[in-house]
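In the UniProt record's numbering, the protein residues as written are 1 to 535. Glycine residues also receive a C-beta, built at the ideal position from the N, C-alpha and C atoms. Here the structure is a predicted model, which means the values were calculated and not measured. Written out below as structure tokens is the structure these notes cover.
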Amino acid sequence: MAVFPTVPFMPVGRTAGSLLGAMLMVLFRVISPEDAYAAIDLPIIGLLFGTMVVSIFLERADMFKYLGNLLSWKSRGSKDLLFRVCIVSAFASALFTNDTCCVVLTEFILKVARQNNLPPQPFLLALATSSNIGSAATPIGNPQNLVIAVESGISFGQFLLGVFPAMIVGVLTNAAILLLYFWKYLSVEKDQEGGQPEGPEVVADDEVTSHRFTPARMSHVSSLNPDDVDCISEPIIRSNSVSTSVNENLRSRSINSEADIQLAIKSLRASSMSHEMVEVSTVSDRRDEGASSRKFTRTASQQRSVIIEDLPPSPESNGENEKEAEVAEKRWKVLVWKTAVYLITLGMLIALLMGLNMSWTAITAALVLLALDFTDAQACLEKVSYSLLIFFCGMFITVDGFNKTGIPNTLWELVEPYSRIDSAKGVALLAVVILILSNVASNVPTVLLLGTRVAASAAAISHDSERKAWLILAWVSTVAGNLTLLGSAANLIVCEQARRAQFFGYNLTFWSHLRFGVPSTIVVTAIGLLIVISY
Numbered sequence: 001m002a003v004f005p006t007v008p009f010m011p012v013g014r015t016a017g018s019l020l021g022a023m024l025m026v027l028f029r030v031i032s033p034e035d036a037y038a039a040i041d042l043p044i045i046g047l048l049f050g051t052m053v054v055s056i057f058l059e060r061a062d063m064f065k066y067l068g069n070l071l072s073w074k075s076r077g078s079k080d081l082l083f084r085v086c087i088v089s090a091f092a093s094a095l096f097t098n099d100t101c102c103v104v105l106t107e108f109i110l111k112v113a114r115q116n117n118l119p120p121q122p123f124l125l126a127l128a129t130s131s132n133i134g135s136a137a138t139p140i141g142n143p144q145n146l147v148i149a150v151e152s153g154i155s156f157g158q159f160l161l162g163v164f165p166a167m168i169v170g171v172l173t174n175a176a177i178l179l180l181y182f183w184k185y186l187s188v189e190k191d192q193e194g195g196q197p198e199g200p201e202v203v204a205d206d207e208v209t210s211h212r213f214t215p216a217r218m219s220h221v222s223s224l225n226p227d228d229v230d231c232i233s234e235p236i237i238r239s240n241s242v243s244t245s246v247n248e249n250l251r252s253r254s255i256n257s258e259a260d261i262q263l264a265i266k267s268l269r270a271s272s273m274s275h276e277m278v279e280v281s282t283v284s285d286r287r288d289e290g291a292s293s294r295k296f297t298r299t300a301s302q303q304r305s306v307i308i309e310d311l312p313p314s315p316e317s318n319g320e321n322e323k324e325a326e327v328a329e330k331r332w333k334v335l336v337w338k339t340a341v342y343l344i345t346l347g348m349l350i351a352l353l354m355g356l357n358m359s360w361t362a363i364t365a366a367l368v369l370l371a372l373d374f375t376d377a378q379a380c381l382e383k384v385s386y387s388l389l390i391f392f393c394g395m396f397i398t399v400d401g402f403n404k405t406g407i408p409n410t411l412w413e414l415v416e417p418y419s420r421i422d423s424a425k426g427v428a429l430l431a432v433v434i435l436i437l438s439n440v441a442s443n444v445p446t447v448l449l450l451g452t453r454v455a456a457s458a459a460a461i462s463h464d465s466e467r468k469a470w471l472i473l474a475w476v477s478t479v480a481g482n483l484t485l486l487g488s489a490a491n492l493i494v495c496e497q498a499r500r501a502q503f504f505g506y507n508l509t510f511w512s513h514l515r516f517g518v519p520s521t522i523v524v525t526a527i528g529l530l531i532v533i534s535y
């Protein structure tokens with residue numbers, strides 16, 4: 001009960017709750033300390049750690065910024081935007097985990113909706129539900145799939161082939177339900193009194209990156225250009241001779257406009273002549289004995305421009321060229337680094353599809369990215385969700401101790417004869433059990449409790465049935481998170497991110513999610529089960 005975040009008498013959260021359960025199992029001698037350590041599944045912890053590090057580097061490489069721009073690029077209206085949110089979030093979650101996508105995309109989607117006077121609720125629901133559905137397609141899409149992939153021994157390719165078709169149909173079905181449910185809200189013309197454009201506007205890049213979940217790597221760029229600051233700030237104090245020369249020359253030219261003064265000062269800075277040789281010709285074109293190296297000409301708009309003639313390259317211009325070269329070099333390095341991150345991630349996915357060990361593949365990709373960063377890895381490693389790793393460790397110990405009490409076996413023996421997957425009724429009953437447990441005890445404990453039991457029951461039928469049972473467990477336990485707001489961490493992330501969004505905040509309530517979540521979860525689960533069973 002301590003794991004459940006809304007228990008009023010013990011709202012300690014899932015991480016502290018799992019550790020509390022593990023501690024009680026050891027204190028009451030349900031499990032020995034040695035068995036508690038042995039219960040921790042290190043391959044799962046390693047796979048989870050590796051995927052989190054890769055996701056952090058992808059976020060630093062602006063992958064999610066590009067995904068955000070894709071949502072509003074040439075959008076044709078609110079319905080088109082809603083459909084894009086469903087598709088993009090689903091595919092992104094399959095590759096980068098659903099929690100990560102919800103963290104980085106929530107505020108961007110909220111801004112697009114607010115800027116176009118669209119109701120935020122359908123887009124937030126589309127993000128949360130589609131992320132959950134999309135994450136079911138791969139073993140790295142969510143934590144419970146990681147557990148299933150490691151314990152079942154199903155390869156990445158087999159997992160993808162078994163669930164990916166169901167994911168595609170499920171996302172399209174969920175999008176259709178969203179469009180039907182919110183059709184009237186999305187059909188309202190925005191800004192009827194004002195002539196606003198029809199399609200959603202593209203949010204600027206600085207707004208896209210303002211909600212990143214890795215603030216330690218964010219670059220805080222000033223909104224003003226240094227050159228613009230020079231133009232609008234007070235004149236910089238110079239030597240007395242230069243100030244006197246400038247003032248006398250300006251008075252001789254009868255410049256009364258403040259803009260002309262600023263322009264003359266800026267032009268004077270750009271020159272490379274020594275302060276003693278600066279001479280300005282008057283309106284009467286008076287010349288001195290020494291030929292002046294500058295000539296001021298009056299244009300039709302009464303503005304003055306400086307023409308520098310027969311002068312060697314100035315130190316300031318050389319400095320500007322060096323700065324431009326440095327900027328170009330930095331841009332090139334960033335481009336090379338981003339390309340390396342994408343290629344390493346692609347290599348990791350190819351290795352997973354080839355059937356290599358998933359844990360060591362993810363860890364290797366993470367270590368290669370850390371090495372190629374050529375900086376201290378502490379800043380990157382600080383962004384890893386160690387609370388989630390600790391939650392898994394405590395949950396492994398708690399579930400192992402709970403299994404040794406014999407209670408799960410007793411309950412499963414009552415249900416098992418009626419939940420075999422060789423009949424439609426058995427599949428339906430098993431799906432209902434998984435659906436309820438995933439919302440009561442969370443999906444990860446449900447998978448840990450039922451995984452081996454469901455697989456053993458199906459193995460008595462055939463080897464293919466065993467693999468099918470694991471895929472059914474992966475599909476139902478993941479889609480079950482859409483039933484209620486508390487059904488998955490992704491839902492809570494979207495709700496919390498939307499509530500805390502500055503200037504664009506929105507409160508997604510439990511009941512508003514439940515009204516849509518119940519019909520969507522039932523329909524999507526049923527349709528997906530038909531496809532998974534036929535695999």
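Alpha-carbon to alpha-carbon, residue j and residue i
i, j, result
"V54", "L160", "20 Å"
"L349", "G505", "36 Å"
"L343", "T361", "14 Å"
"A94", "A149", "14 Å"
"P408", "F402", "7 Å"
"I140", "L146", "6 Å"
"W73", "D35", "54 Å"
"S534", "S465", "11 Å"
"T446", "S438", "6 Å"
"R453", "D400", "13 Å"
"Q115", "T364", "42 Å"
"L429", "A458", "14 Å"
"E61", "T339", "With the sequence shown as reference, residue 61 is identified as Ala, and Glu is not the correct amino acid for it. A61 and T339: Cα-Cα distance of roughly 9 Å."
"I40", "Y185", "49 Å"
"G347", "L369", "12 Å"
"W337", "D373", "8 Å"
Whole-Å CB distance - residue i paired with residue j, under 8 Å assumed
i, j, result
"M167", "S385", "No, M167 and S385 are not in contact; Cβ-Cβ is about 24 Å, not under 8 Å."
"A460", "W470", "15 Å between Cβ atoms; not a contact."
"L82", "P122", "6 Å"
"S78", "L118", "5 Å"
"L58", "T484", "That pair is no contact at about 30 Å."
"G406", "A22", "With a Cβ gap of about 19 Å, G406 and A22 do not count as contacting."
"K404", "I31", "6 Å"
"residue 550", "I177", "The structure shown does not extend to residue 550, since the chain is modelled only from 1 to 535, so the question has no answer here."
Exposed unless 16 or more other CB atoms sit within 10 angstroms - verdict on residue i
i, result
"S187", "exposed"
"N321", "exposed"
"K468", "buried"
"V532", "buried"
"D376", "exposed"
"T97", "buried"
"R14", "buried"
"H463", "exposed"
"P519", "exposed"
"Q378", "exposed"
"A371", "exposed"
"G153", "exposed"
"T100", "buried"
"W475", "buried"
"P120", "buried"
"A424", "exposed"
"F516", "buried"
"L335", "exposed"
CB contact flag (residue i, residue j, <8 Å)
i, j, result
"L124", "L529", "no"
"L367", "M358", "no"
"M63", "T398", "no"
"A441", "T525", "no"
"I436", "V427", "no"
"L448", "L473", "no"
"C86", "A38", "no"
"G157", "G355", "yes"
"A490", "N132", "yes"
"V112", "L71", "yes"
"V494", "T173", "no"
"residue 583", "F392", "Because the chain in this structure spans residues 1 to 535, residue 583 falls outside the shown range and cannot be described."
"G170", "I434", "no"
"N443", "S488", "yes"
beta-carbon residue i near the ligand COA non-hydrogen atom, thresh 7 Å
i, result
"G451", "Absence of the ligand COA is noted for the structure shown, with no ligands found whatsoever."
- prompt: Do the segment 37–44 and the segment 328–338 meet, that is, are 3 or more Cβ pairs less than 8 Å apart?
  reply: no
When you compare the segment 100–120 with the segment 394–413, are there three or more beta-carbon pairs, one atom per stretch, that lie closer than 8 Å? no
Margin query: Any contact between the segment 77–90 and the segment 472–482? By contact I mean 3 or more CB pairs, one from each, below 8 Å.
Written below: no
Quick check: the segment 128–138 against the segment 163–183, are at least 3 beta-carbon pairs closer than 8 Å? Yes: the two stretches touch, three or more of their Cβ pairs being nearer than 8 Å.
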